[in-house]
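> First, the structure itself, so that you have it in front of you.
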Amino acid sequence: MQMDKGLPAGGARRNSTESLVEVHRVSDHRDVEASAARLARAVIGSITDVRLDDTPDEMSGKSQVDRIEHPLRCVFNELIENALTHGRARGFGRASAWIAAQYYPRSGKVRLAVVDDGCGYLESLRGHPALHVSNHAAAIATALEPKVSRNRDVGFGRDLLNQGVGLTVTREIALQAEGTIALVSGNAWLADSTGKHRENKVIPPWQGVAAYLEMKRERLQGMDLVTIMQKLPGYAPVKGIRFE
Amino acid sequence: MKVQFNLSEKSAPERFLGARLRAAALRDELEPLLAENAEIVLDFGGVEATQSFIDELLGVLVLERGPEVIERLVFHFCSGDMKAVINFVLSDRIEQYKQRIPAH
């Protein structure tokens, strides 16, 4: 973030829309959905060639806004919910999430970040049979695997569960949008980008998890969530299901 | 008897259902309807929901009541995305339910 140094001579304010970003704190589970929806709408509102009152097309029933907004809301929702669920385990019950997002018109990219001060992936997965090496880099890679965190860190409601695929789906959305997902936890940084090998590096430690996503807006609006769901382990046609 | 459960009304104004906490509250509304009615019509018209939401709303029902509960649900006006999400959640939780219950 950068601080504006005041009005220049003549009173014209510099356009800082690509260098300033609003940061919100979320600390209550009841605010997850509204925060996700608000942030997604704020990103779309900054895309000047998308009309918020765009009419849905007859084939899909979706407008251009709907097609960009839905994957963004899913990503925000999953990342914030993860921060307030897994992040609050192991004695970190007061952890919060800080969220920010911005659209960059010159590159056509949406960038977003969700950062928490919770227990981090290594602590969250400590003792888990899927975590073969006890270090932060291994913990991040394990957290990205589907179903590893299934029904882990539950118990703050009557029986709120966890299917363990939210982070996997988020990664797939970023990659399908020709983008990047980068995760920081402890002293490890790991990034997956479309068409590239996984990158790892050791960084100064951060207590908690930071997730950063970069996605091409053009690809977001053509997002194929059906294929993403069908690729998840456990997907199968359900006998007797009635869609009408 | 058949009764309607209108998710588009419950998701207003955003038409988005994402959080597990909200899904758990809606499941608390759904369960008495299941006790009193043979079939529930879940109306998803104009609504999008996350996999987490659907899991908390419907996946938990499968884990608690078994896959038979699906035969009592009718899904109306689901988008292609919603159908895929519902299919994944239900198939995954059916598999988990079967693993918990030993075959006779």
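For the record, the sequence lines run as chains A and B.
Just so you know, we're using this note's numbering here: the first sequence kicks off at 1 and counts up by one.
Just so you know, we're using this note's numbering here: the second sequence kicks off at 1001 and counts up by one.
Heads up, the beta-carbon is just placed ideally off N, CA and C, and yes, glycines get one too.
(1) Using three-state DSSP, classify Thr227/A as helix, strand or coil.
(2) Can you give me, in chain order, the residues of the region 1083-1102 of chain B that have a beta carbon less than 9 Å from any beta carbon in chain A?
(3) Thinking just about the alpha-carbon of each residue, which of Tyr103/A, Gln102/A, Ala101/A, His86/A is nearest to the one in Ala268/A?
(4) Would you say Glu81/A and Gly166/A are within 8 Å of each other, going by their C-beta atoms?
(5) Please list, in chain order, the chain B residues whose beta carbon lies closer than 7 Å to that of Phe243/A.
(6) Would you decide whether Thr227/A is buried or exposed? Buried here means 16 or more other CB atoms lie within 10 Å of its CB.
(7) The region 203-218 of chain A: which residues have C-beta closer than 7 Å to a C-beta of chain B, in chain order?
(8) Taking only runs of the alpha helix (DSSP H) that begin and end inside the region 124-203 of chain A, which ones reach a length of at least 4 residues, in chain order?
(9) For the region 1003-1030 of chain B, which residues have a beta carbon sitting closer than 7 Å to at least one beta carbon of chain A?
(10) With a threshold of 8 Å between beta carbons, is Asp1055/B in contact with chain A?
(11) When we look at the beta-carbon of Val1098/B and count the other beta-carbons within 10 Å, is it buried (16 or more) or exposed?
(12) For a contact meaning CB atoms closer than 9 Å, what does Gly87/A contact in chain B?
(13) Assign Ala1108/B to one of two classes, buried (16 or more other C-beta atoms within 10 Å of its C-beta) or exposed (fewer than that).
(14) Quick one: using the 10 Å Cβ neighbour count with 16 as the cut-off for buried, is Thr55/A buried or exposed?
(15) Between which two residues does the beta strand (DSSP E) carrying Leu1042/B extend?
(16) Please compile the residues from chain A whose C-beta is within a distance smaller than 7 Å of the C-beta of Gly1066/B.
(17) Could you confirm whether any beta carbon from chain B is found closer than 8 Å to the beta carbon of Gly45/A?
(18) Please report the distance separating the alpha-carbon of Phe76/A from that of Ser1011/B.
(19) Please classify Tyr212/A: does DSSP put it in a helix, a strand, or coil?
(20) Does the Cβ-Cβ distance between Arg1027/B and Leu1007/B come in under 8 Å?
(21) Report the rounded CA-to-CA distance for Lys239/A versus Pro1067/B, giving the unit in angstroms.
(22) Taking the alpha-carbon of Asp1055/B as reference, which of Phe1088/B, His1076/B, Pro1013/B, Gln1004/B has the nearest alpha-carbon?
(23) Given a cut-off of 8 Å, decide if Thr168/A and Pro146/A are closer than it, judged by their beta-carbon atoms.
(24) Taking only beta-carbon atoms, is Leu220/A less than 8 Å away from chain B?
This is what the structure holds:
(1) helix
(2) Lys1083, Ala1084, Val1085, Ile1086, Asn1087, Phe1088, Val1089, Leu1090, Ser1091, Asp1092, Arg1093, Ile1094, Glu1095, Gln1096
(3) Chain A is shown from 1 up to 244; residue 268/A falls before or after that span and cannot be answered.
(4) yes
(5) Phe1075, Cys1078, Lys1083
(6) exposed
(7) none
(8) 136-143, 166-176
(9) Glu1014, Phe1016, Gly1018, Ala1019, Arg1020, Leu1021, Arg1022, Ala1024
(10) yes
(11) The sequence as given places Lys at residue 1098/B; Val does not occur at that position. Exposed, because fewer than 16 other Cβ atoms sit within 10 Å of the Cβ of Lys1098/B.
(12) The contacting residues do not exist; Gly87/A stays about 15 Å from chain B at best.
(13) Outside the displayed range of chain B (1001 to 1104) lies residue 1108/B, so it cannot be described from this structure.
(14) exposed
(15) 1039-1043
(16) The contacting residues do not exist; Gly1066/B stays about 12 Å from chain A at best.
(17) no
(18) 17 Å
(19) strand
(20) no
(21) 9 Å
(22) Phe1088/B
(23) yes
(24) no
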